[in-house]
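The structure appears right after this line, and notes come after that.
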Amino acid sequence: MTTTTLPDTAAVPPGAPEPDDLPEVDPPPPAIVSLDLRSLALFRMVFGFVILLDLLARIPEIPVFYTDSGAVPREFMFSTIRSWGGYSLQFMSGAWPVQLAFFLVMVAVISCFIVGYRTRTSAVLAWLLIMSMQGRNPYILHGGDDVIRILMFWCIFAPLNARWSIDAALNRDKPLLPVSNASWGAQALMFQLCFIYLSTAVWKVHPVWLTEGSAIYYALHLTQFAKPFGTWLAQFPHLLQLMTWATWGLEFFGPFLLFIPVRTGWFRLLAMVSFMGLHLGIFLTMAIGLFPWICMAAWIMVMPSMVWDWVDRWYPRLSPSVRAFIERTRAGVAATLVPFFARFKTPPAPRENLGLAGGVFVGAYALIVFAINFQTLPVVKGKVPGLMAFAEALLGLHQKWAMFAPYPMPKDGWYQVVGTQPGGRKLDIWNGGIPPTMAQPDVIKSYRDVRWNKYLNAVTFDEFAFLRPYFGSYLCRSWNASHTGPSRVDHISINYIMRINPKPGQPFPPRSTDVLYQQNCPRQPLQ
Amino acid sequence: MTERWGRVLGTDLRSLALFRTALGAYLCWDLLVRMQVMSSLYSDDGYLPRDARLALERIPRFLSLHLSSGSALVQLILFLAALYFSLALTVGYRTRFCAIGSWILFVSMHTRNPIVDGLADDVLLGLLFWAMFVPLNARWSLDGALNGDHLRRDNSNASVGVFALLLQVCFVYWFTDTVQSRELFPALGWMSPETLALLKVVGPALVFVPVATGAIRLAVVTTFVALHLTAAIEANAPSPALICALSWSLFLPKTFWDAVARPFGQFSLQHALDRSVEWLRATVKTWPAWFHRRLASKPAAREPGVLQRAIVLSSLALVLAGYASNASASRFRLPRPVAAVAMAAQLGQPWSPPPLPKADGWYVVEGVRENGQRMDLLHGGPLDWAKPSEVGTVFGNFRLQRFMRSLLEPEMAKNRSYFAGSFCQQWNTLVTGPSRLAKVYVNYMQGQPDGTHKKLFLLEYPCPK
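Residue numbers (this note's numbering), protein chains in the order written: chain A, 46 to 572; chain B, 9 to 473.
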């Protein structure tokens, strides 16, 4: 390998032996089972950064989703859950300062993960805290949260800190690990990534995806998700049909591209670019928060070594000013971060692989997890032994990758909360106090963000009807906290303006009002 | 001059060590008693699941790690952690860390189920809080012996932390009302309330008299320990008198320790401990290196820094303000955020009222099977309404007895179904078919003034299918 010249915080010190000069080098592991350490390091930074963005986006919503005066109080959680599924450190308190403290700790831990300081410990803490956060309020989670939680578990075992990390920078006296890595952890990460797509493809075995090819048509007619570009695309049903088939084909066959023994690098690059393209496409057409970015970050891990070789080859050809800028930035970052972390006890050096015990643990766990998830796929429908299911749920590795599967839901709509004021005047307090109307609002905006979207979708389902009284009280409380006297509301009605989207080519039915819940608002604000 | 004031406002390091050992042993015992009924009192399958706990008080600012999960397994982990901290406190291993851990877990446990706790636990939490700030490990501890720093310092010790801990012992007397004092001094029932109040104010204050401090302290300690211990021996439960007697060990003066140490000369307790630690160190050198390293690098007892002093002083102010706002006559109220902090840390709380009068009555829990057969769910076998030989011991465990007594109160009525439901769960996970449990009737045989007992029907609970 050549020493990297990318912006990094752990550049090889001058005078350190080039790996080529080392007396004896083990032959690199077979390409189909190995990952590049530089790709793993870049994955660590981008993946961590996306998680950080996700955490920051949740902070303003702490009062609604994580406190006792919000829409999902602990009292409600405790009365509906009775098991491991309900484990969360954040049940400790219902007050916002305590919840905020939890989030700030998480931000600190993820920051350590990004810069690669005590990476393994950071990953363990991040995984525990993320599990805890998700357990506190599962009604606002999307598939991307499962990706984050589960990949973070496997991150504990992978050598993510061998390059561009504080751990490596503070252990410069140790030799650099060879770039090609076939550790247990790295392989578990890679298999997990493949499993997500394979299993979602199996969940999608349905005429809507396979023969009719109308899945994307349905998805883009969901006004709560479709961005303007998506709405524009929705007018070409035949194109959508091709895209549907292409998506399913990529999800089912794409993961196998990583394991082709000839020209492995090229096939991996193809897989990576295709999947990133798929998620970029989803990002351009649908508003589903950070989900596409989480998946794109995950695909970085399979980036083949040849990409890094190209980078090394092209770097000297960049104009000197650009190179100088990159070098300055690199040196600046290193000069800020490394001395800061050097003040503490030196972290352990990056390790190439786990010991035998760790390897056996990861291997066994990976087998359990993948066996269970294979068993629970709709085509297999096998039974899972109780102990195995417990072993999986204990570490939060239960997974069901059924996004838009077996087909995108045809039910679509938006919310309207009609509040009645003391004078009898009615207004829509959900959409900013306008007079109630059936006209279509800016639907994506009316759902506020992806967390509210998941929550509000849960509220529409009758199986989650128990959420509605708490949502109702929250709405009364939050409106009447800032509106007193004649502008307060005495009664609210939570309405869902809905329609069932028809098959392609058929006319759309008119929208109807589904009254989900009604209640009187208490005279005195509760808090 | 400074040395003298140090003696008046501080105490002897050996007294702190005795206090540490006694406190640790008490905590271990307390935890073991609770662990016998852990899943009934602290898990979601028990008599007070987490939603019922939150419904007890609409105060959201309670911190409890024990609320993080309803599973008995997680509770067991937390209890084992607390047990480890208490054991380590007893022998003085990683003392500061373990004192902090103990305090966090005991506050958390108390918050999870306050119904089973009383005045004794209030006193305990107060002592545990200040114990985090004092050099408990300077004498007779593994920490001290492993670091060899026990010879360096004089035995007397005064710091804001120690002073606050000593004051906390006095607060128990100064800020309890007459009814609570009867619980502390059952032997002084003959005294008039005025005399008792005078004793409570003056007695503890005497320990801070600047002249003849040692002699006065020894006299006060002897008196109070004797008074408390007679009460504690009578009670077959963790009575507040026991923990108060324990806390008086803090005031044992230098003169006492010097007198005790003299006759033994070379064979003092410290000497024996040093010898055993030397032997231990020689032995562990042959053990794996990582283990040896862990054991050897113990933090020594350090002088409190500025931050620690600031925490102690502000906490002391908080405690005093809390007591002031609790007094029935006072109109002083803490600002809400401050009150929330005080509440979360259990500082300056109102002392628990004395327990209900000793129950003259017993529970009879009747189960009806699907096939109509009736049975006694508490004792097994056919239904028995007769008075048990020892009324108080139907539930055996003291904490459980306390819970069951409070379940009789009207405001706990809606929580009775969890008690009944636990029988359904126990039976119907084992038994199927017509011998399944169908209904549970909870009755209480209440003692009447004329000596007879009246059946009090509390609840009919149909088992879920």
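Cβ atoms here follow ideal geometry from the backbone N, Cα and C, with glycine treated the same way.
* Hey, out of B:C471, B:G404 and B:L75, whose CA is closest to S430 (chain B)'s CA? -> B:C471
* Asked: Quick one: what's got a C-beta closer than 7 angstroms to F202 (chain A)'s C-beta in the same chain, skipping five residues either side?
  -> W229, G230, A233, L399, G403 and V407
* Asked: Using a beta-carbon distance below 8 angstroms, is L73 (chain B) in contact with chain A?
  -> yes
* Asked: Any Cβ of chain B within less than 8 angstroms of the Cβ of E397 (chain A)?
  -> no
* What residues from the region 82 to 99 of chain B come within 8 angstroms of chain A, judged by C-beta to C-beta, listed N to C? -> V82
* So which residues on chain A does L62 (chain B) lean against when the C-beta distance must stay under 7 angstroms? -> R119, E120 and F123
* Please go through the same chain and pick out, in chain order, the residues whose beta-carbon is closer than 7 angstroms to the beta-carbon of P57 (chain B), but skip the five residues on each side of it. => G78 and Y426
* Asked: Since P212 (chain B) is in the beta strand (DSSP E), which residue starts that stretch and which ends it?
  -> Counting along the chain, P212 (chain B) falls outside any beta strand (DSSP E), though it belongs to the alpha helix (DSSP H) covering P201 to A213.
* Asked: Are the Cβ atoms of G93 (chain A) and R119 (chain A) separated by less than 8 angstroms?
  -> no
* **Same chain, Cβ closer than 6 angstroms to V352 (chain A), five either side skipped, listed in chain order** => none
* Length of the line joining the Cα atoms of K249 (chain A) and L186 (chain A) -> 21 angstroms
* **CB contact check: R424 (chain B) to chain E, cutoff 8 angstroms** => You won't find chain E in this structure, because its protein chains are A and B.
* Taking C-beta pairs closer than 7 angstroms, name the residues in chain B that L134 (chain A) reaches, listed in chain order. => S76
* Asked: First and last residue of the alpha helix (DSSP H) that includes R194 (chain A)?
  -> G188 to C200
* Asked: chain B partners of V143 (chain A), CB-CB under 7 angstroms?
  -> L71
* **Span separating the alpha-carbon of H283 (chain A) from that of K471 (chain A)** => 44 angstroms
* Report the residue from B:A80, B:P122, B:P362 and B:S338 whose alpha carbon sits nearest the alpha carbon of S247 (chain B). => B:P362
* Find the nearest neighbour of H251 (chain A) within the set A:A450, A:W524 and A:S557, judged by alpha-carbon distance. => A:A450
* Would M27 (chain A) count as contacting chain B if we go by Cβ distances under 8 angstroms? -> In the structure as shown, chain A begins at 46 and stops at 572. Residue 27 (chain A) is therefore absent and cannot be evaluated.
* With G369 (chain B) and Y452 (chain B) assumed to form a contact (beta carbons below 8 angstroms), what rounded beta-carbon distance in angstroms separates them? -> 6 angstroms
* To do: Mind checking which residues open and close the beta strand (DSSP E) that includes A446 (chain B)?
  => L445 to G455
* Asked: If we ignore side chains and look at the alpha-carbon of each, how far apart do R339 (chain B) and M351 (chain B) end up?
  -> 18 angstroms
* When DSSP labels each residue in this structure, what does H118 (chain B) get in the three-state scheme? -> helix
* In the DSSP assignment, what residue or residues form a beta bridge with K463 (chain B)? -> B:M453
* Asked: Checking contacts by CB at 8 angstroms: is S138 (chain A) closer than that to chain B?
  -> yes
* Could you name the residues that DSSP lists as bridge partners for E468 (chain B)? => B:Y449
* Which residues DSSP lists as bridging R181 (chain A), in chain order -> Bridge partners of R181 (chain A): none, in fact.
* With DSSP collapsed to three states, give me the class of R317 (chain B). => helix
* Asked: Which runs of the alpha helix (DSSP H), 4 residues or longer, sit entirely within the region 286 to 363 of chain A?
  -> 309 to 330, 336 to 344 and 350 to 359
* Among all the DSSP beta bridges, which residues are the ones paired with Y562 (chain A)? -> A:I539
* Grab the span of the alpha helix (DSSP H) containing W37 (chain B) for me, first residue to last. => L21 to Q44
* Any idea what DSSP makes of Y132 (chain A), helix, strand or coil? -> coil
* Asked: Among residues of its own chain, excluding the 5 on either side of L71 (chain B), which ones have a beta-carbon nearer than 6 angstroms to its beta-carbon?
  -> A352
* Asked: Shortest alpha-carbon distance to A166 (chain B) belongs to which of B:V180, B:A347, B:A146 and B:D185?
  -> B:A146
* **As assigned by DSSP and simplified to three states, the class of G403 (chain A)** => helix
* Give me the Cα-Cα distance between E378 (chain B) and P390 (chain B), rounded to the nearest whole angstrom. => 16 angstroms
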